[in-house]
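Enquirer: From first to last, the protein sequence lines are chains A and B. Quick note: the first sequence uses the numbering used here, first residue -4, plus one each step. Quick note: the second sequence uses the numbering used here, first residue -4, plus one each step. Take this structure, written in structure tokens, and hold onto it; I'll ask about it next.
There are 2 protein chains.
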Amino acid sequence: MSELRTRTRKETPKDEQSLNAGLLVRAGYVDKLSAGVYSYLPLGLRVLKNIETIIREEMNALGAHELLLPALHPKENWEKTGRWGTMDDLYKVTDTSGREFALGPTHEEIIVPLVQKFISSYKDLPTALYQIQDKFRMELRAKSGLLRGREFRMKDLYSFHTDDEKAFSLYYDRVKEAYKNIFRRAGIGEVTHLTFASGGSFSEYSHEFQTITDAGEDTIYLCDACGVAINDEIIATQTKCPGCGADKQSLRKVRSIEVGNIFPLKTKFSEAFGLSYKDRDGSDKLVRMGCYGIGLGRLMGTIVEIHADEKGLSWPSEVAPFSTHIVRIGDTLHVRQEADSLYTELSHRNEDVFYDDRDDVSAGAKFADSELIGVPRVVIVSEKNVAKGEYEVKERATGTVSFAKKEDLLRATG
Amino acid sequence: MSELRTRTRKETPKDEQSLNAGLLVRAGYVDKLSAGVYSYLPLGLRVLKNIETIIREEMNALGAHELLLPALHPKENWEKTGRWGTMDDLYKVTDTSGREFALGPTHEEIIVPLVQKFISSYKDLPTALYQIQDKFRMELRAKSGLLRGREFRMKDLYSFHTDDEKAFSLYYDRVKEAYKNIFRRAGIGEVTHLTFASGGSFSEYSHEFQTITDAGEDTIYLCDACGVAINDEIIATQTKCPGCGADKQSLRKVRSIEVGNIFPLKTKFSEAFGLSYKDRDGSDKLVRMGCYGIGLGRLMGTIVEIHADEKGLSWPSEVAPFSTHIVRIGDTLHVRQEADSLYTELSHRNEDVFYDDRDDVSAGAKFADSELIGVPRVVIVSEKNVAKGEYEVKERATGTVSFAKKEDLLRATG
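Written out as structure tokens, the structure is:
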């Protein structure tokens, strides 16, 4: 911590109305450049990368291949789908030669003509590609911190299939499971619900994953019997829970954040670009598609909203920037040596350790910082503890305090 | 390979004038979206990530901290340095409320006001922050494939120091060594030279790292005696080699690609934003800065230019997308089993293995693809080899062929 120059702040910045950004700025995870545009400081980038790792592992487990598409999109591609003129939140840039580009808010317009170069037969299907990449959207109300960005990192997966509806449906269900795994590993599984949403003009439903919290901008109707929900947009058209058939009257209205969405696109984009394949019988058919998104910054902000308390952040283990936070109290040679060696030994065991080795900072300020920063396990090394040959261990989430000898700490993580 | 849908091409696309992009497109590593704007396909992204890893390790070894800054930069920040009006290649966007943003081609305008929030005393210095992030530059001549992009991934490091010139100089020299390590690990160390360049109006020199190749757009004057060079821009002002003092006449004029540059910024940007610190004696002083860049796509393109031959790509080991490429020739059950089990066993040893398990592709086409794709070690599993109980092993770079038993292959990588 003495090397990391970012600092915690006592006061929430006046221009932050949301809990998530307020705490993340105070704890030194992010910095606001302008509304909906945030810098990720070293601590925040560690969390973002942990979220990336979870998502990447679950996408790879689906057999999807990772690629990386550009943010600068030629106008022609967006004209082909008609969205150049209809998408209000599209940032547009013109270069000196007069060529126009969109800054990509999504990538159907890019990936469809790309896969067209590689797909020609039913033998090339199914296939799925994803990326983790920065998107742009001209948000007018960017007041929710990391929940609604003008520039935001997103995972977008696109799947390509033959016209076999059943095969598509099985794949779509596998993605649902992958999404459940992601939200469970990110620590919000219990409050995140598969939610039925509009399928647009061509599918019966699309699906959202909605996390219940008062900080949410969305409203959903949750079925306590089976755990699925219906979103605000289509509730008027439904008579019963699409999950278990329970009566609509039994659904509970709650506020929520949309942390992911999955969408059967059918042939909407294949048609726009003429993405077809030759089937077994020699006929040409349009490729069936699905698209599946997760905003990483929004997910990070949601985790904050769910787990923070009055003292500060509290990270679930898989996304935490560090697993252990050593707080050294006092600066005698003895305490320094004990804390330094614990830091070294835990680090050598591949443990991610944050070490408050700062001088000239009071014990109270160090404790407050450790609670604000929210690493799951805080180990306090003080003169008193060292004399007793043990460390004080505090679980951030529960506040539980216990005492452990060094070999117990090392064993627990070895 | 049967799962990866990207395909190799026999012909170089007509719109690719450069060797690097021509080969990378043919081999299925990248796809051109528009001039200077490329998609990284799964193979290309693997190489890009390997380059990222090398750079990240060397930056972390310097004690620099990684962060992630936005691409959308408020106009005000660029007005403060006067570059909003003077930088011709700045992409500008306006949102519906009339607010203007630049798409960041570099990040001094963002990082200086950011660190201002965390630096106040000489005790907070030195510090260094870096990111690996996508930049935008309105290039008019984007004809060199990955060497010159309109959108490109870059590592940019910024260091912050007190006014102690000697301490800055020592740090600057450490970055030079880190850069040499990066280019050595990326396989172009022997042809990459520290090159003296203009220091602008405020420093005597800045430095470039120039890789000698006829594909380069730059001209440098190389001193064969000591290995340093002088760039075209300042050669007229120099009388001797700044490395060893050799006479200017002995320098050799060669073409080259600038793969990195490092720049002592002195207080140019600190002054614009008023970034100062309180010194030991209580006086306020401006922070001294350095900035250090490497374009990742350009580095990837340069590696191609240096190592490719008439058969295709040839990757140095640390950047290669895979370490071993198993080519299965024939589709009898026996050959399949042998190749499948070799793939599984090498993969379990954490080897990155590319496996040509495609049916309906001739042996000749498979060999040609393996040479085009350029994985360092190709292992051929054919009926003939299997009968002899050994595999044919071909080094891509040298063409050397040897034969090895399975246990030798597994041992070599274990």
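Glycine included, C-beta positions come from ideal geometry on N, C-alpha and C.
Out of Arg145/B, His102/B, Arg372/B and Glu228/B, which has the shortest C-alpha to C-alpha gap to Ala407/B?
Expert: The shortest Cα separation from Ala407/B among Arg145/B, His102/B, Arg372/B and Glu228/B belongs to Arg372/B.
Enquirer: Does the beta-carbon of Phe155/A have 16 or more other beta-carbons within 10 angstroms, so that it is buried, or is it exposed?
Expert: Per the 10 Å Cβ criterion, buried.
Enquirer: On the DSSP bridge assignment, give the partners of Ser271/A in chain order.
Expert: In the DSSP output, where bridge partners are listed per residue, Ser271/A has Leu281/A.
Enquirer: Would you give the residue range spanned by the alpha helix (DSSP H) that Lys80/A belongs to?
Expert: The question names Lys, but residue 80/A is Gly in the sequence shown. Segment Arg78 to Thr81, the alpha helix (DSSP H) holding Gly80/A.
Enquirer: In angstroms with no decimal places, state the Cα-to-Cα distance between Thr76/B and Asp159/B.
Expert: Using only the alpha carbons, I get a separation of about 24 Å.
Enquirer: Measure the CB-CB distance between Ile257/B and Val170/B and report whether it falls below 8 Å.
Expert: Yes, they are a contact pair.
Enquirer: Can you pull the chain A neighbours of Ser29/B, defined as C-beta to C-beta under 7 Å?
Expert: Correct list: Pro69.
Enquirer: Step through the CB atoms of chain B and report whether any lies within less than 8 Å of the CB of His487/A.
Expert: Outside the displayed span of chain A (-4 to 409) sits residue 487/A, for which this structure offers no information.
Enquirer: CA-CA distance, Val299/B and Thr81/A?
Expert: If I take the Cα positions, the gap works out to 42 Å.
Enquirer: Sort Glu313/B, Arg179/B, Leu109/B and Ser265/B by Cα distance to Thr411/A and report the nearest one.
Expert: Nothing in the structure corresponds to residue 411/A, since chain A is present only between -4 and 409.
Enquirer: Runs of 3 residues minimum, wholly inside the region 42 to 89 of chain B: which ones carry the beta strand (DSSP E) assignment?
Expert: 67 to 69 and 86 to 89, all fully within the region 42 to 89 of chain B.
Enquirer: Would you say the region 364 to 379 of chain A touches the region 342 to 355 of chain A, given that touching needs at least three Cβ pairs under 8 Å?
Expert: Counting Cβ pairs under 8 Å, three or more are found: they touch.
Enquirer: Please confirm whether Pro37/A has its beta-carbon closer than 8 Å to some beta-carbon of chain B.
Expert: Taking Cβ atoms only, chain B reaches closer than 8 Å to Pro37/A, which makes this a yes.
Enquirer: With DSSP collapsed to three states, give me the class of Glu260/A.
Expert: One detail in the question is off: residue 260/A reads as Leu in this sequence, not Glu. In this structure, Leu260/A counts as strand in the three-state DSSP scheme.
Enquirer: I believe Val330/B touches Glu378/B by the beta-carbon criterion, under 8 Å. Please report the beta-carbon distance rounded to the nearest angstrom.
Expert: With a Cβ gap of about 6 Å, Val330/B and Glu378/B count as contacting.
Enquirer: In three-state DSSP terms, what is Met295/B?
Expert: Helix.
Enquirer: Cβ atoms of Val32/A and Leu465/B: under 8 Å apart, would you say?
Expert: No answer is possible for residue 465/B: it lies beyond the span of chain B, which begins at -4 and ends at 409.
Enquirer: Give the straight-line distance between the Cα atoms of Leu405/B and Glu385/B, rounded to the nearest whole angstrom.
Expert: In a straight line, the C-alpha of Leu405/B is about 12 Å away from that of Glu385/B.
Enquirer: Output the boundary residues of the alpha helix (DSSP H) element that contains Thr232/A.
Expert: No alpha helix (DSSP H) holds Thr232/A; DSSP gives it neither H nor E.
Enquirer: Is it true that the CB of Thr187/A sits closer than 8 Å to the CB of Phe414/A?
Expert: Any question about residue 414/A goes unanswered here, given that chain A covers just -4 to 409.
Enquirer: Shortest alpha-carbon distance to Phe197/B belongs to which of Lys261/B, His320/B, Thr190/B and Tyr287/B?
Expert: Minimum Cα distance to Phe197/B is reached at Lys261/B.
Enquirer: Given the structure, does Val282/A come close to the ligand SAH, in the sense that its CB is under 7 Å from one of the ligand's heavy atoms?
Expert: The ligand content of the structure shown is nil, which means the ligand SAH is not present either.
Enquirer: Alpha carbon to alpha carbon, what distance is there between Leu120/A and Phe273/A?
Expert: It is worth fixing the name first, because residue 273/A is Lys in this sequence and not Phe. The straight-line gap from Cα to Cα measures roughly 11 Å.
Enquirer: Please list the partners that Leu152/A has in chain B, where partner means a Cβ-to-Cβ separation under 8 Å.
Expert: By Cβ distance, chain B contributes nothing, its closest Cβ being about 13 Å from Leu152/A, past 8 Å.
Enquirer: Does Ile289/A have its Cβ less than 8 Å from a Cβ in chain B?
Expert: No - not a single Cβ of chain B is within 8 Å of the one on Ile289/A.
Enquirer: List the residues of chain B whose Cβ lies closer than 7 Å to the Cβ of Phe362/A, in chain order.
Expert: Simply none; closest approach about 21 Å.
Enquirer: Between which two residues does the alpha helix (DSSP H) holding Glu378/A run?
Expert: Residues Glu378 to Lys383.
Enquirer: Anything in chain A within Cβ reach of Arg145/B, meaning under 7 Å, just list it in chain order.
Expert: Neighbours of Arg145/B on chain A, chain order: Leu67.
Enquirer: Is Tyr86/A close to chain B, meaning its C-beta is less than 8 Å from at least one C-beta of that chain?
Expert: So yes, Tyr86/A belongs to the interface.
Enquirer: Mind checking who Glu387/A pairs with in its DSSP beta bridge?
Expert: Answer is Ile375/A and Phe398/A.
Enquirer: Sort Asp326/B, Gln332/B and Lys383/B by Cα distance to Asp355/B and report the nearest one.
Expert: Residue Asp326/B is the option with its Cα nearest to Asp355/B.
Enquirer: Output the boundary residues of the beta strand (DSSP E) element that contains His188/B.
Expert: Thr187 to Ser193 is the extent of the beta strand (DSSP E) around His188/B.
Enquirer: For the beta strand (DSSP E) containing Glu146/A, list its first residue and its last residue.
Expert: Its beta strand (DSSP E) spans residues Glu146 to His156.
Enquirer: Does Tyr125/B have its Cβ less than 8 Å from a Cβ in chain A?
Expert: No, Tyr125/B lies away from the interface with chain A (no Cβ there is under 8 Å from its Cβ).
Enquirer: Tell me the residue span of the beta strand (DSSP E) that contains Val322/B.
Expert: Thr319 to Ile324 is the span of the beta strand (DSSP E), which, as asked, contains Val322/B.
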